[in-house]
Amino acid sequence: MELDELKIFQAVLQEDGITRAAQRLHRVQSNVTTRLRQLEEKLGVALFLREGKRLIPTAAAWRLNDYAERLLSLAEEARQAMADDAPSGRLRLGAMESTAAARLAPVLAEYHRRYPAVRLELQTGESRGLTAAVLDGGLDAALVSGPLQDDRLTQSVVAVEEIVLVGGASQGKPSLAELADSTLLAFGSGCSYRQRLELWLRRQGVQPRRIVELGSYHAMLSCVACGMGLALLPRALLDSMPQMAAQVSTHGLPDDLASAPTLLIRRVQTHQPALQALENMLLERGWRGGDSWPNPVNT
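All residue numbers for the sequence shown refer to the working numbering, where the first residue is 1 and numbers rise by one.
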């Protein structure tokens, strides 16, 4: 396989056809068609089903797309490393929803001013899924909640978050009986803060009556403020939303659960100037308890 063939294949897949792929690649349609058939012959599988002028991706096409993404990304990384150390090219960053909302905006704005040649793409999600995407090559790096133990990853602590239990504005710290009878509001099971909350409850022998999964912190805080249930959130997120924070109450957790490091993770032995520049900025701006700066820590 040639990298050029993979680029053509991805363009056809992403543009849903030969015509738009040819326009995107500035090639004639016959060249795109020929190179695509050559790739299929090399692989010995059909990547698309032909129905008239329509191309329908096969299961093999989606499998190949995962490898193509990683190979092309690695080739781009190699090109950048051989060219110079100036940040440029594409940087695919993942981040937890809370980090993106409370922390990243000023950092990314400054990053774009400093490094206009970098095309930065941001994807938000839960820590478990973001970590898997870094390991699979779908992301170059991600900001996830620790601790995290995986020898395949390089990790830098860029923030330490204070995690608090959030309830209605007039609600005192809930008793065990109230916790057992409460509705818990959380992201999906891959969310590290949800896992922290469930661990805390298990320690106390509490099984919550109901867990409602929500897709955004704005929705979660609105539901908490209306008395629907309880949630576990970073205090920094509340600080970034003062109007919402005024409508809820916060309650501390045990010391071993109240502090959560935010890690910038990437694959071991990867060198990417654009990512290194971002890591340096995060460490310069690092957060501990909202106001003070953490020492750079590599684990």
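A virtual CB, placed ideally from N, CA and C, is assigned to each residue, including glycine.
Note that this is a predicted model, so its numbers are computed, not measured.
Backbone CA spacing between residue i and residue j [nearest angstrom]
i: Glu5; j: Leu93; result: 26 Å
i: Arg50; j: Ala59; result: 14 Å
i: Cys223; j: Gly229; result: 7 Å
i: Leu237; j: Asp85; result: 35 Å
i: Val160; j: Arg152; result: 22 Å
i: Pro106; j: Leu39; result: 44 Å
i: Trp62; j: Glu97; result: 27 Å
i: Leu263; j: Thr131; result: 10 Å
i: Gln204; j: Pro174; result: 13 Å
i: Leu64; j: Asp136; result: 13 Å
i: Pro147; j: Ala101; result: 21 Å
i: Glu110; j: Leu104; result: 10 Å
i: Arg267; j: Glu178; result: 43 Å
i: Gln23; j: His218; result: 41 Å
i: His26; j: Ile8; result: 11 Å
i: Ala21; j: Arg128; result: 34 Å
i: Gly168; j: His251; result: 11 Å
i: Val212; j: Arg54; result: 42 Å
i: Asp150; j: Ala133; result: 14 Å
i: Ala225; j: Phe187; result: 17 Å
i: Ala95; j: Gln29; result: 38 Å
i: Arg70; j: Glu198; result: 35 Å
i: Glu284; j: Gly172; result: 38 Å
Limits of the unbroken beta strand (DSSP E) element including residue i
i: Arg119; result: Val118 to Gly125
i: Arg266; result: Ser259 to Arg267
i: Val144; result: Ala141 to Ser145
i: His361; result: In the structure displayed, the chain extends from 1 to 299; residue 361 sits before or after that span and is not available.
i: Arg54; result: Arg54 to Pro57
i: Val158; result: Leu153 to Gly168
i: Ala101; result: Looking at the DSSP string, Ala101 is not in any beta strand (DSSP E), and its letter there is neither H nor E.
i: Leu233; result: Ala231 to Pro234
Three-way DSSP call (helix, strand, coil) for residue i in this model
i: Ala46; result: coil
i: Thr270; result: coil
i: Met96; result: strand
i: Pro242; result: helix
i: Gln207; result: coil
i: Arg285; result: helix
i: Val224; result: helix
i: Leu135; result: helix
i: Gly89; result: strand
i: Val28; result: coil
i: Ala78; result: helix
Cβ distance (whole Å) where residue i is taken to contact residue j below 8 Å
i: Gln272; j: Asp140; result: 6 Å
i: Val158; j: Leu282; result: 4 Å
i: Val118; j: Pro87; result: 5 Å
i: Leu232; j: Arg196; result: 6 Å
i: Thr33; j: Ile18; result: 6 Å
i: Leu91; j: Leu120; result: 5 Å
i: Ser73; j: Ser145; result: In fact, because the Cβ distance is near 25 Å, the residues do not count as touching under 8 Å.
i: Leu221; j: Ile163; result: With 8 Å as the limit, Leu221 and Ile163 do not qualify as a contact, their Cβ atoms being about 15 Å apart.
i: Gln10; j: Ala78; result: The pair is not a contact, with the Cβ atoms about 18 Å apart (cut-off 8 Å).
i: Ala258; j: Tyr115; result: Going by Cβ atoms, the distance from Ala258 to Tyr115 rounds to 35 Å, so no, they are not a contact pair.
i: Thr99; j: Ile265; result: So it is not a contact: roughly 12 Å between Cβ atoms.
Endpoints, the alpha helix (DSSP H) within which residue i is located
i: His112; result: Ala105 to Arg114
i: Gln10; result: Leu3 to Glu15
i: Ala186; result: First-last for Ala186: Thr183 to Ala186, but that is the beta strand (DSSP E), not the alpha helix (DSSP H).
i: Leu301; result: Absent from the structure is residue 301, since the part of the chain shown begins at 1 and ends at 299.
Any chain D beta carbon closer than 8 Å to residue i
i: Leu176; result: The chain inventory of the structure shown lacks chain D, comprising one protein chain alone.
**Message:** Does the segment 207 to 216 come into contact with the segment 244 to 253, if we say contact requires no fewer than three beta-carbon pairs (one atom in each stretch) closer than 8 Å?
**Reply:** no
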